[in-house]
DNA sequence: CAGCGGGATGAGAGCGCTTCCAAGGCGTCC
DNA sequence: GGACGCCTTGGAAGCGCTCTCATCCCGCTG
């Protein structure tokens, strides 16, 4: 690429003139060159190179009504984003998929309740073609906002207002939390454990609810004293473990709804002199890089492909956008498989 | 706001018609209403509300040559982004500042070397008004790319190709690494320590270099055997500490270039039976939330305002963009102050 | 050899907005 | 009371691009 005076940008007009063709033909070549004879294609291509031409995005969007950008909406960034490796991996997956389809990622972080207005205006302003949003609360205004703006949206994690088995209403991508939990508990039972406790996640997160459901799927008449609730953090896991030990000293296995809580539980178990896995078998969920393999003993856990989920979200959205123009139906949701990874803790 | 048929968007024309004014006047009102008499302003405002009008961004950009968006370029996301709380905090600061100026954040993650082309094209395509990039390697192509594209850019962290004291060449925001290090080492010396070791960060990161320089500022003729190099991780800190203990068993203080390495060093010190801070005083850097206060004993460390740095980067860029139109000079760099936080480790 | 069909090309109309400029209206000053 | 000037408003151009449609040229058929 040559270096024209920085800041100055040649137009299609200039390219056309230099190539000795019309603007229409130049445009055709720039957009793939279908229906243009080879010699002209070459001429135009050369002119593009010589001039260092890059199409003006705004002009193109104005007529095509396509921005080539997608919004990623993240509520409560203080809690989740970034610090949560979960998010970061999903975002990377999203980014990869979007990049492969020449689509840009516009990050919309909600810093406070007042920001909903801003988001609404932004989406309505036609800056982006679609949106990706992450697991929302029951009364989250985001879905209503995207709906009003007529903005195709794919959710990450089953939104709490959808029934667990209804994958139609709103397109979302989620791991098979229930199935994974089922597999984990089943595994513990196959190991011969009889008093299998569960450290659940917060009730207002569907992933936690689904994992609890999976636990109940296997242990139909589970003793309620074997269930404690944590907050998906190490400390809360430790607290829940202490509580369980108090209530049910005879427990011989624990299925924690995520690895962080499992690692907290592990600390307490060791402290109280319960050998893992001999006295108490322990299974986590997520197979979190920095956690599951780092504990002593390493955690048996349920693995899910987080980056893949991000990719899938993006793919679903992009596919939906394409279909949109062809009037085809919106894409349905996808549940990604999970897999039990056996390590030393169970 | 009413709910017009989703997907359909009223144009300025429609607003003007409904308000009984010309498009020009409607436009003026939408853009602040300067020079329009109050009654007309009200009429137009009402029409905007009734119609649920939102300006078409592409059309506006086409004529104003302003996109109202800024790119955040992040290389090697695998290593850093998100998982690194550093980044996440800076991004949050950036996001907040941009939001306050009605500017959008476009995330450009570089997934591989081939992506530089993509970035170059993107920046040249006029999608964004400016860019923010993070501490780059010496030979990183990003600066050249942004320069060619005529894209105003602010860097996070002193770029390695600039001299430590030259804040002019390229606008960047960085903490006063050298000053912070100086303060830390000075503090250790004031404590009466005489054999003060340093666990440095990787030589190809300017923050590490600057912190090492700060160490040397105080200890002009430091014993080279008191310096070891780590990789800013816990493990590397542990390794470096072991190495130092071997080489210089008589050390009575350690200044680690970041908290992660300090925590690694702490583990080794305890393991070898060196009491902290009695036998060996320990100081870190960064005052990382999840680390500095969580160790036992908690770390004395050098604090910096990371989110503030992000904010500053954005502010510098936005200011530069405004000035650009007025032909004023580009903004200079900013070095943010650091502060020694005393906890139990020294 | 004339006529016809199809593919390649160009002319031109907008996409929705901002902004220059001219026109109009009103107050003010002499 | 008339002229001047300022403030408000509207008309219209044009940002850079895509895409429809008409035109043209070619080869082929009868």
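Chains as they are written, first to last, in my numbering: chain L, 8 to 353; chain W, 8 to 353. Positions of the beta carbon are idealized from the N, C-alpha and C atoms, including for glycine. Please read all numbers here as calculations on a predicted model, not as lab measurements.
Using the beta-carbon of each residue, which ones in chain L are nearer than 8 Å to residue i?
i                      : result
residue 16 of chain W  : 131 and 133
residue 63 of chain W  : 69, 132 and 133
residue 106 of chain W : 116, 118, 122 and 125
Using only alpha-carbon positions, find the residue among the options that is nearest to residue i.
i                      : options                       : result
residue 168 of chain L : L:74, L:160 and L:143         : L:143
residue 283 of chain L : L:317, L:195 and L:146        : L:195
residue 285 of chain L : L:273, L:238 and L:353        : L:353
residue 306 of chain L : L:207, L:160, L:47 and L:287  : L:287
residue 186 of chain L : L:234, L:166, L:351 and L:264 : L:264
residue 304 of chain W : W:271, W:117 and W:351        : W:351
residue 271 of chain W : W:325, W:293, W:231 and W:237 : W:237
residue 197 of chain L : L:218, L:56, L:226 and L:179  : L:226
residue 151 of chain W : W:136, W:163 and W:124        : W:124
residue 316 of chain L : L:329, L:298, L:293 and L:202 : L:293
residue 50 of chain W  : W:59, W:41, W:42 and W:25     : W:25
residue 199 of chain L : L:230, L:258, L:247 and L:251 : L:258
residue 148 of chain L : L:242, L:28 and L:117         : L:117
residue 205 of chain L : L:220, L:158, L:296 and L:138 : L:220
residue 251 of chain L : L:277, L:233, L:349 and L:229 : L:233
residue 15 of chain L  : L:341, L:58 and L:184         : L:58
residue 243 of chain L : L:207, L:213, L:212 and L:254 : L:207
residue 325 of chain L : L:256, L:120, L:138 and L:54  : L:138
residue 222 of chain W : W:241, W:193, W:75 and W:266  : W:193
residue 308 of chain W : W:141, W:247, W:189 and W:41  : W:189
Run down chain L in chain order and give the residues with a C-beta less than 9 Å from the C-beta of residue i.
i                      : result
residue 103 of chain W : 116 and 118
According to DSSP, what are the bridge partners of residue i?
i                      : result
residue 292 of chain L : L:309
residue 78 of chain W  : W:113 and W:138
residue 346 of chain W : W:310
residue 396 of chain W : In the structure displayed, chain W extends from 8 to 353; residue 396 of chain W sits before or after that span and is not available.
residue 181 of chain L : L:342
residue 203 of chain L : L:260
residue 234 of chain W : W:205
Hey, would you say residue i sits closer than 7 Å to residue j, going by beta carbons?
i                      : j                      : result
residue 437 of chain W : residue 65 of chain L  : Look at the range of chain W in this structure, 8 to 353, and you will see that residue 437 of chain W is not part of it.
residue 165 of chain W : residue 314 of chain W : no
residue 291 of chain L : residue 269 of chain L : yes
residue 20 of chain W  : residue 30 of chain W  : yes
residue 131 of chain W : residue 61 of chain L  : yes
residue 105 of chain L : residue 321 of chain L : yes
residue 311 of chain L : residue 348 of chain L : no
residue 275 of chain L : residue 299 of chain L : no
residue 22 of chain L  : residue 33 of chain L  : yes
residue 241 of chain L : residue 111 of chain W : no
residue 80 of chain W  : residue 127 of chain W : no
Count the other CB atoms, across all protein chains shown, that sit within 10 Å of the CB of residue i; report buried if there are 16 or more and exposed otherwise.
i                      : result
residue 88 of chain W  : A caution first: residue 88 of chain W carries a pLDDT of 48, below 50, which makes its placement in the model unreliable, though a value can still be read off. So residue 88 of chain W counts as buried.
residue 70 of chain L  : exposed
residue 78 of chain W  : buried
residue 45 of chain W  : exposed
residue 262 of chain L : buried
residue 181 of chain W : buried
residue 301 of chain W : exposed
residue 160 of chain W : buried
residue 133 of chain L : buried
residue 344 of chain W : exposed
residue 163 of chain L : buried
residue 93 of chain W  : buried
residue 217 of chain W : buried
residue 346 of chain L : exposed
residue 136 of chain W : buried
residue 178 of chain L : buried
residue 277 of chain W : exposed
residue 9 of chain L   : Any reading at residue 9 of chain L must be qualified, since the residue scores a pLDDT of 49, below 50, and its modelled position is unreliable; no value is offered.
residue 266 of chain L : buried
For residue i, which residues in chain W fall below 9 Å Cβ to Cβ?
i                      : result
residue 112 of chain L : 113, 114, 115 and 116
Taking C-beta pairs closer than 7 Å, name the residues in chain L that residue i reaches, listed in chain order.
i                      : result
residue 66 of chain W  : 69
residue 128 of chain W : 61
Run through chain W and tell me which residues come within less than 8 Å of residue i, C-beta to C-beta.
i                      : result
residue 246 of chain L : The premise fails here: residue 246 of chain L is roughly 17 Å from chain W at the closest Cβ pair, so nothing lies under 8 Å.
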